[in-house]
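Spelled out as structure tokens, the structure:
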């Protein structure tokens, strides 16, 4: 890679503002994410963290400011949006697997129809990722037959099958029963250690400590503090950060 | 300590507590119900026999062979007033099928357009569809049939001043008259080529699926099939010397002769049925598409699927599961509502049956025939819905 | 890489053009060129229809005339005097003029009682229900028919118009609720005889068109009676309507019963309640609240389906309006159109209000259930 390619940030947000009607939900967001960086975003509910990452693959539109993903500016241009979505994978809080398709079909749908991959190649790739998330034997089952933890792991594999450069996680473990959170976090740690650029909205602070390069705290639509995990957890600077950490690290 | 085995005691209490025994009570109540039923049936049958005797009637279906002695306004099969009652009923049956099938097609078209409009983000488009549903459902269907007849079809000009399209299609107060196609020698080859085209499309689709699986490329099988189905029969007709002649309607005297006519009674019934049933289909389509979780669309978009692909591969398969059973029910309702034909004089099964009933007095037999026909349609539809639901059920634990 | 925010980002108001009337219009009316075309086309269509309607029903219409002459003039619009003249007939049918006060009493009593039942905040619903469903029908029948207290008899042949429509529809619904409950419970029963009979009745009646049920009641039913007994035409229609409505009501009630969680049945049984007590005290009150929108919708359907009795020779609202078209005094090209339009408006007012009420009750019930 040439120096210039290496320098292009994976995700850039400059003075991004977003409103829902009159409600100013994202206020002056500035964020640069380098390739291979792992970011964890935390904050109280309603702080706009989900909205922030959903703006990155244009599931939400921002009204002011620039968002550039892998060098592609995110505007109303439909072609740009399609290009961005091909390079960005997303894992949802409620999995959103396609219930009428088998697990294998869930994973191969987008590669076949978007990247025009031949079926055999797509299926081999899918099995590779299913094995990586440790549930290859479920390939021919339907989502309704799997537990929540298994479904979320399938969802991660489904996003990975498109070979994205950036992975977004929107509270991936919040809808899971406690005993299934660990298996999903293990997959995410494995992914991080493989060098994937990740932005995670999550409350799992142990995960942040273990894997994140930066932890960002958001409150009321603005970025209040960001720091390395070590500094963030031992030495929070802003009083709002301190209050939040008190509440969740009891 | 040894355990004494617990032996199950009999459930039936002994002695005078039989009154509280659930099974016995159930048995006795059912016996009472059956007894009442049997007694009422006996009373009904004996009364009926006495009444029929008094009216000089008997129960039987041989009256179907008697001459009908009445004309029928419009028929798909040949019929004259010297045909028998059975044939008259058959004419009515075919007319019912004709108006129901055309109504189903038209209503589905209206309903799907309405449903999509209802879901539009455009407030005017969605509002217009909502107004359509609210207004049409607040007026009785029978009144709507009369209104279509009186306000739209009767005010049309007479045959001499009919609306004229290219001198072959005429719209007047006698109905819509169009040329009737007559197929001569050799037209059978066109039919054969049509069948060939259909078979070829099937294989084309299979080939396209395999090609996509192998290489990832898609060929536009849909458009190619359509082109084949249209072009091949046309080529066949051409090669056979174009054995297609048209019986053009021509104005003779005060009316048209020749061609084929859609009488205004049929048109009024068709339009009213389609517009009315269309409102229900609109709501069904809307509910079906809305039933698909928004997260499904978001996941599809996040994976990079285009909106057309997301619709076709993810949303519509799930929506159809929710749409098809109530849709089948509406088709059945439309067929049942077609019996209102009697009110404007379109000769459907109930209308012709009603004429026969009045003329011959065979009330029980005619009503039985109606029941058998419509119940078969209903039960058939229920069976289909049950089969469809069990096949399409989403697999869960 | 450490960053700590030192000052609040300003809370700005949304940029002009993204909220407010202009933004709403742009988003909802003209988001894309194709959509804008749709907006204009539909708006145009409505304007054309609206203008023509206004023209025919207002500007060119005849408002006052003693007979058909003015209405028969070429190019006039609606013939309103026809409606004004016939309106009382549309409501009362052929009920003798001097006796109409009896009908009016029935209407007033009915409206008061119904208002008490339908408005959620009104008290004493149980007494009201007892009055409306049991006592009121008896009073109404005797007022209509007469024969007691010196009131002259008015045969059912004279009953017609809106009154007849309401009689058939209200009687139909009132009888269909208890019958429908019994049928629904029968369908759920474990006793095979009861269950089979219920299923046969429900599916049999629902599977055939209403008109065949009316024909059955009108033509076949007299054959089942002992010779010499010829039931009244109206009674036959009411029986047909009630049978039909009961079968559909059974399915509505079944939906309500299925919506009650199994835990309610279990808790009632655990407390020692017998089957009928459980139904009366625990299950039915909850189920009926859920099915009120369904009952109102059934009433709307029956109210509209009553128009079919024209076919067996009864003069309901639709029938009597059509009978009026044959009056030589008012025959003109516009009489029919005016009559049908006025009819459509009357039906629309009734049915639309009822459906809005049903939606209101449904949203109230859902509010109670939402956590």
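Chains as they are written, first to last, in this note's numbering: chain W, 3 to 252; chain E, 2 to 398; chain U, 8 to 378.
From the three backbone atoms N, C-alpha and C, an ideal C-beta is built for every residue, glycine too.
Item                                                                                                                                : Value
Reduced DSSP category for residue 1 of chain E - H, G, I as helix; E, B as strand; rest coil                                        : Given a span of 2 to 398 for chain E in the structure shown, any question on residue 1 of chain E remains unanswerable.
Proximal chain W residues relative to residue 299 of chain E, where beta-carbon distance stays under 9 Å                            : 56, 61, 92, 94, 98
CB contact below 9 Å: residue 390 of chain E versus chain U                                                                         : no
CB contact check: residue 1 of chain W to chain E, cutoff 9 Å                                                                       : Limits of chain W in this structure are 3 at one end and 252 at the other, which puts residue 1 of chain W out of reach.
Any chain W beta carbon closer than 9 Å to residue 119 of chain U                                                                   : no
Nonlocal neighbours in the same chain, by C-beta distance under 7 Å from residue 269 of chain E, ignoring five residues either side : 146, 149, 150, 154, 345
Distance between residue 308 of chain E and residue 124 of chain E (C-alpha atoms, nearest Å)                                       : 21 Å
Opening and closing residue of the beta strand (DSSP E) in which residue 218 of chain E lies                                        : Neither: residue 218 of chain E is in no beta strand (DSSP E) and is coded neither H nor E.
Where residue 226 of chain W meets chain U, residues with beta-carbon distance less than 7 Å                                        : 12
Nearest to residue 131 of chain E (by Cα), restricted to the options E:288, E:280, E:295, E:360                                     : E:280
Within 9 Å of chain U by C-beta, residues of the stretch 346-358 of chain E in sequence order                                       : 351, 354, 355, 358
Contact residues within the stretch 12-45 of chain W, judged by C-beta distance below 8 Å to chain U                                : 19, 21, 23, 24, 26, 29, 30
Sub-9 Å separation of residue 116 of chain W and residue 305 of chain E beta-carbons                                                : yes
Contacts that residue 200 of chain W makes with chain E (C-beta to C-beta distance below 8 Å)                                       : In chain order: nothing, as chain E lies at least about 15 Å away.
Contact under 9 Å by Cβ, residue 218 of chain W with residue 198 of chain W                                                         : no
Which of helix, strand or coil DSSP assigns to residue 71 of chain W                                                                : strand
Residues sharing a beta bridge with residue 359 of chain E, DSSP                                                                    : Note: residue 359 of chain E sits in no beta bridge, so no partner.
Neighbour-count burial assignment, residue 169 of chain E, 16 or more Cβ in a 10 Å radius                                           : exposed
Nearest-angstrom Cβ-Cβ length linking residue 253 of chain U and residue 183 of chain U, presumed shorter than 8 Å                  : 4 Å
Span of the beta strand (DSSP E) around residue 42 of chain W                                                                       : 40-44
Classification of residue 159 of chain E by the beta-carbon crowding that lies within 10 angstroms, buried from 16 upward           : exposed
Cβ neighbour criterion (16 or more within 10 Å) applied to residue 32 of chain U                                                    : exposed
Touch test, the stretch 85-102 of chain E against the stretch 321-329 of chain E, Cβ-Cβ under 8 Å, three pairs minimum              : no
Buried versus exposed call for residue 261 of chain E [16 or more other C-beta atoms within 10 Å across all chains shown]           : exposed
Partner residues on chain U for residue 49 of chain E, Cβ-Cβ distance less than 8 Å                                                 : 230, 231
For residue 182 of chain E, the residue or residues it bridges with in DSSP                                                         : E:247
Separation of residue 320 of chain U from residue 102 of chain E, as counted between CA atoms                                       : 30 Å
Between the CA atoms of residue 191 of chain E and residue 242 of chain E - distance to the nearest angstrom                        : 11 Å
Three or more C-beta pairs below 8 Å linking the stretch 137-145 of chain W and the stretch 105-115 of chain W                      : yes
Among W:248, W:216, W:204, W:68, nearest to residue 52 of chain W - alpha-carbon criterion                                          : W:204
Chain U within 9 Å of residue 223 of chain W, Cβ atoms only                                                                         : yes
Any C-beta of chain W under 9 Å from that of residue 22 of chain U                                                                  : yes
Euclidean distance between Cα positions of residue 355 of chain U and residue 187 of chain U                                        : 27 Å
Span separating the alpha-carbon of residue 324 of chain E from that of residue 111 of chain E                                      : 15 Å
The stretch 16-27 of chain W touching the stretch 54-67 of chain W, judged by at least three CB pairs closer than 8 Å               : yes
Validate contact between the stretch 206-221 of chain U and the stretch 356-374 of chain E using beta carbons, cut 8 Å, 3 pairs     : yes
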